[in-house]
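Numbering (the UniProt record's numbering), first residue to last: 1 to 255. All residues carry an ideal CB built from backbone N, CA and C; glycine is no exception. Following: one structure in structure tokens, then a few remarks.
See the structure below:
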């Protein structure tokens, strides 16, 4: 079954069915989510030239999909980010196949196999409150003989206290809850080699997990599309985590 992220936005129950086997839809996580502390806000600025180009291409996109709404797309892209991060952590190939293109599945599954022993992927416990930024960085529209193609690149930023990550891990893995501390030590050791993080003895409640990345969402529109047809689906065509870091809150944000 294919999944349309635009439809998921309009029908929340459909998205919940997609994620029913994951921590995203878990009522336990929802309860914990309401008790989370505030994290510092991040600021990112898109170049004016690229912003204008995206706006023009969004208007072109609306010519082929009259129901397209940029605000709704951004909300749907946020849901897509949660899904793909969950897939990256759990390496759920079946779920990946439902939400990705054939090319996207091949790319992402290959990356998942290559990073199966990477301890960083085990810490990708995020919910909607943790996604600080969803930014459309590029909109591309192409035309073939029979259809129009659209590919949108979305940049995301997730920020979460490390001890909140630990709590979410313990909820989903109650029998092996102590293993998360070993995973964190491995991650910090790995990051320390790259000069990314400070001494590991800093308490986890003072540390933030900061993750940046991007993914591509694509869809197509038949040229002979009926006016009342609403079957266009957004699927993930590419996904990459570009930055993964554990930073001390006080040092990084001047408090």
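Minimum C-alpha distance to residue i - residue among the options
i           : options           : result
residue 213 : 116, 186, 80      : 80
residue 302 : 180, 100, 51      : Limits of the chain in this structure are 1 at one end and 255 at the other, which puts residue 302 out of reach.
residue 263 : 216, 37, 169, 136 : The chain is shown only over 1 to 255; residue 263 falls outside these bounds and no answer can be derived.
residue 58  : 106, 138, 39      : 138
residue 282 : 222, 174, 211     : Outside the shown range of the chain, which is 1 to 255, sits residue 282, and nothing can be said about it.
residue 143 : 70, 64, 39        : 64
residue 189 : 109, 70, 118, 93  : 118
Close beta carbons around residue i, own chain, < 7 Å, minus the five adjacent residues each side
i           : result
residue 116 : 91
residue 62  : 68
residue 240 : 213, 214
residue 109 : 93, 96
residue 46  : 135, 137
Length of the line joining the Cα atoms of residue i and residue j
i           : j           : result
residue 133 : residue 145 : 36 Å
residue 48  : residue 114 : 37 Å
residue 130 : residue 89  : 16 Å
residue 238 : residue 215 : 5 Å
residue 82  : residue 148 : 28 Å
residue 191 : residue 99  : 31 Å
residue 246 : residue 173 : 22 Å
residue 93  : residue 103 : 14 Å
residue 51  : residue 72  : 18 Å
residue 37  : residue 169 : 17 Å
residue 107 : residue 183 : 26 Å
Spatial neighbours of residue i in its chain, beta-carbon cut-off 6 Å, leaving aside the 5 residues before and after
i           : result
residue 120 : 187, 244
residue 165 : 123, 125, 209
residue 66  : none
residue 95  : 87
residue 242 : 212, 213
Cβ-Cβ separation, residue j to residue i (assumed contact under 8 Å), whole Å
i           : j           : result
residue 42  : residue 159 : 7 Å
residue 141 : residue 236 : About 18 Å separates the two Cβ atoms, so there is no contact after all.
residue 257 : residue 74  : Given that the chain is displayed from residue 1 to residue 255, the structure contains no residue 257 and the question cannot be resolved.
residue 78  : residue 128 : 7 Å
Proximal residues to residue i (C-beta, below 8 Å), its chain only, five neighbours per side dropped
i           : result
residue 220 : 147, 148, 149, 150, 232
> Can you list the alpha helix (DSSP H) stretches of 4 or more residues lying completely in the segment 146 to 184, in chain order?
Replying inline: Counting only runs of 4 or more, we get 162 to 172.
>> Suppose only complete runs of 4+ residues qualify. What are the alpha helix (DSSP H) ranges in the segment 60 to 139, listed by chain order?
In response: The segment 60 to 139 contains these whole alpha helix (DSSP H) runs: 70 to 90, 93 to 99, 102 to 114.
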